[in-house]
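Please read the structure below before turning to the comments.
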Amino acid sequence: MSADMKCWLVMQGATFEEEFQGNFLWAPHHNEAGNCMFYWSNMRRLRPGDIVLSYVNLHIRAISVVQRLPMDAPKPPSWKSKAPNWSNIGWQAKLDYEKIDPIDLRPLWPTLVERSQKKYSAFNTQRVSGNQGYLYELTPEAADVILGKVTGNFDSDRAEGDIAAGTDQATLTKIRIGQAAFRAKLLELWGHKCCVTGCEKLELLRASHIVPWATARTSERIDPYNGLPLAANYDIAFDRHFISFDETGRILKSPRIEWRELSKLGVIETATLSRLDDRHAPYLARHRELTKDA
29 MSADMKCWLV MQGATFEEEF QGNFLWAPHH NEAGNCMFYW SNMRRLRPGD
79 IVLSYVNLHI RAISVVQRLP MDAPKPPSWK SKAPNWSNIG WQAKLDYEKI
129 DPIDLRPLWP TLVERSQKKY SAFNTQRVSG NQGYLYELTP EAADVILGKV
179 TGNFDSDRAE GDIAAGTDQA TLTKIRIGQA AFRAKLLELW GHKCCVTGCE
229 KLELLRASHI VPWATARTSE RIDPYNGLPL AANYDIAFDR HFISFDETGR
279 ILKSPRIEWR ELSKLGVIET ATLSRLDDRH APYLARHREL TKDA
């Protein structure tokens, strides 16, 4: 997950279809005793652009993107009989949902438990079952485990630079989900670290396309071999075609910049990729051509 986007898991169960059809989440302010549970008050922490995974019977059934800040709203009418002990006013968030091929979490459970926070985790450590509650924040590591299993077409024919230019909401949601899935698969491929520096701080890593999104074919945009997980300083130089990498993974620089300028960014002349796969080769060859001609 990128540093500016959180991923959440919502335990929906019997409420899934209604929330899916209505494109919302809702949680009460408190119960009849006046207590507010942390998994309800987490609703206040949702921000536009956050990813939400819908958990239903040990499967992720949908992925959604938060559209706006949560607001106070009355309890959905059909919930009054289901949850009479909840307050009549709660927090509601507007989401844009996409149903997906269900992801079975059971084979992933040990990894999810290991990569989750110890306190306030969504995943029961004693048995394969979600903890009782509603909305849980996922660690970036746990989110990437799930998002790496997403299948389906979440791409768009729009280029990355066109996203803000009047993109319709359904397309924007597909793009954001597709990018999150691409990042997760890329990080898994490289062991969740920068492929040059070895940095493991996920908030500092960027999922950089080798062949830019704008010029890549649809299948190439979501291919993890068309990507490198790079620390931010290497990412900006790679993205702007000031650097590339040769067939062995050794760094190359563009004629447009000198090593002394790159070194000021911490980009060094001896840098190499930690490993390469044959499937990276055609993408890197195209990137080198763009770097040479930029």
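Numbering-wise, this note's numbering comes out as the position in the sequence shown, counting from 1, plus 28.
Ideal Cβ placement from N, Cα and C applies to all residues, glycine included.
Fair warning: this is a prediction, and the values are worked out from it, not measured in the lab.
| Check whether Val295 and Tyr262 have beta carbons under 7 Å apart | Taking the first residue of the sequence shown as position 1, residue 295 is located at position 267. Taking the first residue of the sequence shown as position 1, residue 262 is located at position 234. In this structure, Val295 places its C-beta atom within 7 Å of the C-beta atom of Tyr262.
| said: Assuming contact is defined by CB atoms lying nearer than 7 Å, are His269 and Gly255 in contact in what I supplied? | reply: The count along the sequence shown starts at 1 and reaches residue 269 at position 241. The count along the sequence shown starts at 1 and reaches residue 255 at position 227. Cβ atoms of His269 and Gly255: not closer than 7 Å.
| The alpha helix (DSSP H) with Gln49 in it runs from where to where? | Residue mapping note: residue 49 aligns to position 21 of the sequence shown, counting from 1. Unbroken alpha helix (DSSP H) run through Gln49: 44–50.
| Under three-state DSSP, which class holds Trp241? | Your numbering for residue 241 matches position 213 in the sequence shown. DSSP, reduced to helix, strand and coil, places Trp241 outside both helices and strands of the structure shown, so it counts as coil.
| task | Determine, using beta carbons only, whether Arg96 and Pro76 come nearer to each other than 7 Å. | result | In the sequence shown, residue 96 corresponds to position 68, counting from 1. In the sequence shown, residue 76 corresponds to position 48, counting from 1. Pairing Arg96 with Pro76 gives a Cβ-Cβ distance under 7 Å.
| said: Quick check: what's the CA-CA separation for Leu290 versus His308? | reply: Working through the sequence shown from its first residue, we reach residue 290 at position 262. Working through the sequence shown from its first residue, we reach residue 308 at position 280. Between Leu290 and His308, the alpha-carbon positions lie close to 24 Å from each other.
| Would you call Glu45 buried or exposed, if buried means 16 or more other Cβ atoms sit within 10 Å of its Cβ? | Walking along the sequence shown from the start, residue 45 turns up at place 17. It is exposed - the Cβ of Glu45 has fewer than 16 other Cβ atoms within 10 Å.
| field | Segment limits, alpha helix (DSSP H) that includes Ser115 | value | The sequence position of residue 115 within the sequence shown is 87, counting from 1. Taken as a continuous stretch (DSSP letters only), Ser115 belongs to no alpha helix (DSSP H), as it is neither H nor E.
| said: Using CA atoms only, rank isn't needed, just tell me which of Gly50, Ala90, Val173 is closest to Lys3. | reply: Because the chain in this structure spans residues 29 to 322, residue 3 falls outside the shown range and cannot be described.
| task | Identify the continuous beta strand (DSSP E) that holds Ser165 and give its terminal residues. | result | Here residue 165 refers to the residue found at position 137 when the sequence shown is read from its first residue. Checking the sequence shown, residue 165 turns out to be Glu, not Ser. That run of the beta strand (DSSP E) goes 163–166.
| task | Determine the direct distance from the alpha carbon of Phe266 to that of Glu248, and round the result to whole angstroms. | result | To locate residue 248, count along the sequence shown from 1; it is residue 220. To locate residue 266, count along the sequence shown from 1; it is residue 238. Cα to Cα, Glu248 sits roughly 18 Å from Phe266.
| query | Alpha carbon to alpha carbon, how far is Tyr311 from Leu215? | reply | Indexing the sequence shown from 1 puts residue 311 at position 283. Indexing the sequence shown from 1 puts residue 215 at position 187. Roughly 17 Å between the two C-alpha positions.
| How about Thr243 and Ser282: do their beta carbons lie closer than 7 Å? | Here residue 243 corresponds to residue number 215 of the sequence shown, with the count starting at 1. Here residue 282 corresponds to residue number 254 of the sequence shown, with the count starting at 1. The answer is no: Cβ separation not under 7 Å.
| query | Going by alpha carbons, who is nearest to Lys34 out of Val141, Trp54, Leu230? | reply | Translated into positions along the sequence shown, residue 34 becomes position 6. For the residues Val141, Trp54, Leu230, the minimum Cα distance to Lys34 belongs to Leu230.
| query | Exposed or buried, what is Met99 when buried is set at 16 or more other beta-carbons lying within 10 Å of its beta-carbon? | reply | By 1-based counting over the sequence shown, the position of residue 99 is 71. By the 10 Å Cβ count, Met99 comes out exposed.
| Contiguous alpha helix (DSSP H) assignments of at least 4 residues, all confined to the stretch 259–285 | Counting whole runs of 4 or more residues, the stretch 259–285 contains the alpha helix (DSSP H) stretches 260–267.
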